[in-house]
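Participant:
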Amino acid sequence: MRRVVAVLVMVVSLLAVPAAAQARSVETLPGTAWWTDPVSGERLVAADASVGERDLRRLAASADTVLREPGVRRQRLAGGDPIFPAGGYRCTIGFNVRSTALPYRYYFITSGHCVGPVGSTVSSAGTVIGTVVQRLNPRDLALVQYTPPAGVVVPPHPSAVNRYNGTLQPITGFATAFAGQAVQRAGSTTGLRSGTVTAVNVTVNYAEGTVYGLTRTTVCAEPGDSGGPFFAATTGLGTFSGGSGNCTAGGVTYFAPILPYLSVWQVGAY
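Residue numbers (mature numbering (1 follows the signal peptide of the UniProt record, and there is no 0)): -23 to -1, 1 to 247.
#1: Would you mind reading off the limits of the beta strand (DSSP E) that contains proline 147?
#2: Threshold first: 3 residues or longer. Then list the beta strand (DSSP E) segments lying entirely within the stretch 15 to 91, N to C.
#3: Does residue 252 pass the burial test, meaning 16 or more other C-beta atoms within 10 Å, or should it be called exposed?
#4: Within the continuous beta strand (DSSP E) that includes leucine 6, where are the two ends?
#5: Specify the secondary structure class of glycine 168 as computed by DSSP and reduced to three states.
#6: Looking only at its own chain, which residues have a Cβ that is under 6 Å from the Cβ of alanine 10, when we skip the five neighbours before and after it?
#7: Should glycine 215 and glycine 164 be called a contact, given that it needs their Cβ atoms to be closer than 8 Å?
#8: Per DSSP, phenylalanine 155 is paired with what?
#9: Nearest to glycine 29 by alpha carbon, out of Gly18, Gln161, Glu46?
#10: Consult DSSP for proline 200 and reduce its assignment to one of helix, strand or coil.
#11: Could you check how far apart the C-beta atoms of valine 49 and phenylalanine 85 are, in whole angstroms? I think they sit under 8 Å.
#12: Could you spell out where the beta strand (DSSP E) holding valine 121 opens and where it closes?
#13: Below 8 Å on the Cβ atoms is my guess for threonine 175 versus threonine 195; work out the distance and round it to an integer in Å.
#14: Based on Cα-Cα distance, which residue from Ser27, Thr13, Thr149, Val177 lies nearest to proline 7?
#15: On a Cα-Cα basis, can you pick out the residue from Arg170, Pro94, Ser136, Asn114 that is closest to threonine 108?
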C-alpha cells in the first residue's frame, strides 16, 4: 500500500492515482529525490516545497512512500569567504589530498557546482589558491590542484577538517557511508553540525540539474556550506551537494561520496 508521510509537521493529503506508468516522467521532476530502501525494497521519493499538489499526486502513483520536506532543495551558494570560484559565490573546501602517483602534487576536493570548468581558478582571501583539474557534473564533485606560491609548499593543514572550536579533526582515510551511520559536516557558514545518514544512492533533481549517487542525511546546512566535508571521526565520506531547510528549523542534506573517485584521480589522505 502506498502511503504519504508528513515531515516536520507538514501534512500532505493525496489521492492515489492508478498510473504507475508515469514513474519515468516524474523521476526527473525538479524538487524531488529518489531512492530504494535496502531492507524493505520500497521505492521512496522526497518532495520539497516547490512540488505542487498535482505533482504530489503523480509521485504517489509512482512511489511506495512520499516524504514531504520543508523549504526548497537547492545547491547551497552564497557571497563571502573562504573559497571562491571564478563566478564569485562562496563555497567550502572539502578534503585536502595529495597525489599517490606524483610527488609534491596537492589538491582539495569540493563540489562540482562550486567551481567553474576545468582550467578555471579558485580563490581564497583574494588570492588564487588553485586550478580546477577534474569536474564531474553528474556526481557534483571537483578536484582542484593547489597553486604553490613560490616553489613547492605543502598546504598548512593536511587532510584535516576544521571543527570550528579551534581544533582540527585529522582525516586518515576515506570510506562509503551507510544508512544509520552518525556523521558530521563542517561548513564555512554554519560550522560543525551532526546528524545521521538516512539513505544512500539517492538521485536528486535540483532545479539546476540532476545529480546521481548521493547520500541523504539529517544534518542541517545553509548557503555557503556547499563543498564542505562529511566525515565520521577520522574517516572522510563525501562533500556537501545540496539540501532543503536550514539550521534553525532543521533540514535535509545530500552529499556526494568520494571514495570511488580517489583511485581514478590517484589521490589520497596525507
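Quick reminder that beta carbons are idealized off the backbone N, C-alpha and C, glycines included.
Facilitator: Checking against the coordinates, here is how it stands:
#1: Counting along the chain, the beta strand (DSSP E) containing proline 147 begins and ends at 145 to 147.
#2: Those beta strand (DSSP E) runs which fall completely within the stretch 15 to 91 and span 3+ residues are 20 to 24, 42 to 45, 72 to 76, 83 to 87.
#3: Since the first residue shown for the chain is -23 and the last is 247, residue 252 is missing from the structure and cannot be characterised.
#4: It is not in any beta strand (DSSP E) - leucine 6 carries neither H nor E in the DSSP assignment.
#5: The DSSP-derived three-state label of glycine 168 is strand.
#6: Excluding positions up to five away in sequence, the list reads Ala23, Val179, Val181.
#7: Against a cut-off of 8 Å, the Cβ pair of glycine 164 and glycine 215 comes out as no contact.
#8: Note: phenylalanine 155 sits in no beta bridge, so no partner.
#9: Taking only the C-alpha atoms, the option nearest glycine 29 is Glu46.
#10: Correct three-state label for proline 200: coil.
#11: Contact flag wrong, Cβ pair sits at about 29 Å.
#12: Per DSSP, valine 121 belongs to the beta strand (DSSP E) from 118 to 123.
#13: Right, their Cβ atoms sit about 6 Å apart.
#14: Of Ser27, Thr13, Thr149, Val177, the residue nearest in Cα terms is Ser27.
#15: Nearest C-alpha to threonine 108: Pro94.
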